[in-house]
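Numbering (this note's numbering), first residue to last: -12 to 194.
For every residue, glycine included, the Cβ atom is placed at its ideal position computed from N, Cα and C.
Now the structure itself:
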């Protein structure tokens, strides 16, 4: 764990692109007296409701727009510097709709987590809930994992199962998954920022 004061709340940065319901759950949990993290900033790639939610919570925000850079590598470097300026212990991809590049992952190696609405390694990618329903699974769920250079391929930290009901639509199943996802992600962040998350290669466990 970085820093010198073990009693202090550890800084995290949220990455988000959309409505921000997952980011909101992390912001809300940060107000709990027993929480071990504080949200230092929310960084987005566009104007979005997630940034507005952070503003309303008094959390600094920044936007790093890909269109303002000559190429993906330039944007990746700018995103890395922007996030790094807030000196986070951990970074959370909370509905961030961009793949993080090599400069970012090298700077923040093993300190970036993502929440995914499926039980990885099954159904990676942006249409996970739709794909699970189309496949006909009886159980889906959510995964919190470390981010690596692949698409939803990083080491798994935690998973929770969610039953698929016979009348589920993509929307109804996703809403139930989000409930489990919000609680699980906040729990993982609390473990990570209190020094109880241990990473050994692809094995990640909480003490």
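query: Measure how close the beta-carbons of residue 180 and residue 77 come, nearest whole angstrom, since I'm counting them as under 8 Å.; result: 6 Å
query: Can you list, in chain order, the residues of its chain whose CB lies under 7 Å from that of residue 64, leaving out five sequence neighbours each side?; result: 90
query: Under a CB-based cut-off of 9 Å, is residue 49 close to chain D?; result: Among the protein chains of the structure shown there is no chain D, as only one such chain exists.
query: Sorted by chain position, which residues of the same chain lie with C-beta nearer than 8 Å to residue -10's C-beta, five sequence neighbours on each side aside?; result: The predicted position of residue -10 is uncertain, since its pLDDT is 42 and thus under 50; a value taken from the coordinates is nonetheless stated next. Excluding sequence neighbours, residue -10 sits near -3, 76.
query: Between 52, 18, 14, which has its C-alpha nearest residue 69's C-alpha?; result: 52
query: What are the complete alpha helix (DSSP H) segments, minimum 4 residues, inside the region 108 to 141?; result: 115 to 122
query: Can you tell me which of 45, 105, 13, 97 puts its alpha carbon nearest to the alpha carbon of residue 81?; result: 13
query: Indicate whether the contact test is met: 3 or more Cβ pairs, each with one atom in the region 91 to 98 and one in the region 112 to 126, closer than 8 Å.; result: no
query: So residue 9 and residue 163 are in contact, right, with Cβ under 8 Å, and what is the actual spacing, rounded?; result: Their Cβ separation, rounded to whole angstroms, is 14 Å, which puts residue 9 and residue 163 out of contact at 8 Å.
query: I'd like to know whether the C-beta atoms of residue 32 and residue 50 end up nearer to each other than 9 Å.; result: yes
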